[in-house]
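Heads up, the sequence shown is in the working numbering, so the first residue is 13 and it goes up one at a time.
Each remark here refers to the structure printed beneath this line.
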Amino acid sequence: MKKLSQILVFAVATLLLVGSAHAQFLRDLQNFRTPGQAGINVFEAPMQAAQNIEGPYLRVGGDFAIQFQGLDQSNDLGNLVDLAPNLTLPAANLNLDVQFTDGVRMHLRTYLASRHHNEAWVKGGYFQIDDLDFISEGFLAGLMEVTRFRVGMDEINYGDAHFRRSDNAAAIYNPFVGNFIMDSFTTEPFIEVTVMNDGFLGVAGITNGRLNQSPKPGDNGVVLFGKLGYDSQINPDLRFRLTGSVYHSTKEGTRDYLYGGDRAGARYYGILEAVDDARVSDFLPRFNPGFPYLTSFQINPFLRFQGLEFFGVIERTTSGATDGNYTQLGGELLYRFGSREQFYLGGRYNTVNGDAGDGLSQTINRVNVGGGWFLTENVLSKIEYVTSTYDGEGFDGTKFAGAQFDGIMFEAVISF
């Protein structure tokens with residue numbers, strides 16, 4: 013992937029130098045979630061009618077995020093590292109989107125800098141098909157009015173929380189600094205079919221459950237995932253959406269990165285890092301159940317009335333190898349206000365409870381309270397207070413026993 017990143021950077025530089033002779037530049041692509049405030053509360057990209065596009069059109073975009081962290085932490089063993097208020101490592105993304113023709117689009121994202129990789133690293137990409145006229149004009153036109161195909165190696169459409177999370181520097185859709193404790197996000201090779209009609213939504217997809225690919229024997233696992241839901245703008249003031257998703261993996265060769273697929277690293281630097289850790293994790297305080305294969309369900313209600321907004325997460329994951337299971341509950345309540353809703357205030361409550369299969373309970377609670385200001389459509393500043401606790405006999409004897417952290421976070425985000 014590193015060599016691919018170097019090749020990509022060279023290719024982009026070359027394209028930008030000579031692109032005006034070979035491609036057209038366009039900011040508003042078809043069936044595309046706009047980076048910035050306009051993309052807030054957009055889940056699946058909308059399906060639009062054909063526009064007689066004669067491409068290719070190239071859209072070059074990017075994301076930048078930096079935090080000022082003022083957190084404190086402690087645990088029963090007293091072995092967590094000391095923290096001091098300071099800036100964290102800035103994160104940056106490079107986004108390439110190409111509209112080839114009506115209903116045919118490509119997306120590619122590269123992490124230019126992240127907590128886990130301070131060098132350029134390809135996250136992934138996909139090919140999206142909303143129209144089959146490239147085969148023959150009018151081919152399956154009726155079906156394609158409501159159907160979309162996506163294929164690639166990128167994040168899969170399990171649950172709705174991944175539409176609101178921070179993806180390295182792409183943090184403008186997230187009203188808070190951190191993601192949910194169990195962060196259901198993974199980049200895998202997938203084929204996905206989406207049907208949207210009169211507010212009803214259906215998704216079906218397949219992947220091999222692997223983050224890194226290998227042609228050697230043993231990589232023969234299968235993951236099936238899907239989503240059913242309903243999304244309706246009932247009137248100008250009221251919108252309601254409810255979805256349910258499932259992710260199921262077989263035991264043969266899958267490794268299940270559903271809760272450990274984010275290679276960028278988590279927010280809240282240095283949290284739960286012990287002075288005697290043999291290896292420092294870039295992914296704490298995210299929680300990964302670590303099941304070798306699993307079945308997960310996620311239900312997401314979303315309700316918006318004028319400026320008031322609620323988003324919920326009800327999720328359960330069970331191990332296919334043991335009796336282990338975890339339940340995650342989360343809720344965000346926001347109020348957006350201002351002449352263009354450029355300000356918001358709100359809070360998030362998030363809890364995870366369960367055991368790894370040994371009957372020893374583990375509970376993590378986290379509360380975020382804060383707000384944000386869209387200085388422009390593409391520039392967001394955030395402030396939050398976060399507090400989190402770790403309890404349960406399943407943590408006994410580890411650095412997580414009696415662990416807690418709290419403090420203030422500031423984040424500045426640019427997406428375009």
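We put the CB at the ideal spot given by N, CA and C, even for glycine.
Beta-bridge pairing by DSSP links Asn-98 to Gln-81.
With at least 16 other beta carbons inside 10 angstroms of its own, Gly-358 counts as buried. At least 9 Å separates the beta-carbon of Ala-173 from that of Ser-148. Put simply, the stretch 250 to 259 touches the stretch 299 to 318. At least three CB pairs are less than 8 Å apart. With the rule of 3 Cβ pairs closer than 8 Å, the stretch 331 to 344 counts as touching the stretch 294 to 309. Assigned with DSSP and collapsed to three states, Leu-155 falls in helix. In this structure, Ser-86 and Leu-92 form a Cβ contact; the two beta carbons are roughly 6 Å apart against a cut-off of 8 Å. Taking a cut-off of 8 Å for Cβ pairs, the stretch 153 to 165 and the stretch 94 to 108 do not touch, as fewer than three such pairs fall below it.
In this structure, the straight-line span from the alpha carbon of Leu-41 to that of Glu-131 is close to 29 Å. Taking Gly-73 as reference, the option from Asp-84, Thr-113, Pro-47 with the minimal CA-CA separation is Pro-47. Looking at Gly-319, Glu-285, Val-391, the one whose alpha-carbon comes closest to that of Thr-410 is Glu-285.
Between Val-234 and Tyr-259, the CB-CB gap reaches or exceeds 9 Å.
Runs of the alpha helix (DSSP H) lying entirely within the stretch 131 to 191 and spanning at least 4 residues, in chain order: 153 to 156. With a 10 Å radius around the Cβ and a threshold of 16 neighbouring Cβ atoms, Leu-387 comes out exposed. Here DSSP, grouped into helix, strand and coil, assigns Ala-276 to coil. Straight-line spacing of the CA atoms in Ala-61 and Val-116 works out to 12 Å. Per DSSP, reduced to three states, the secondary structure at Ala-424 is strand.
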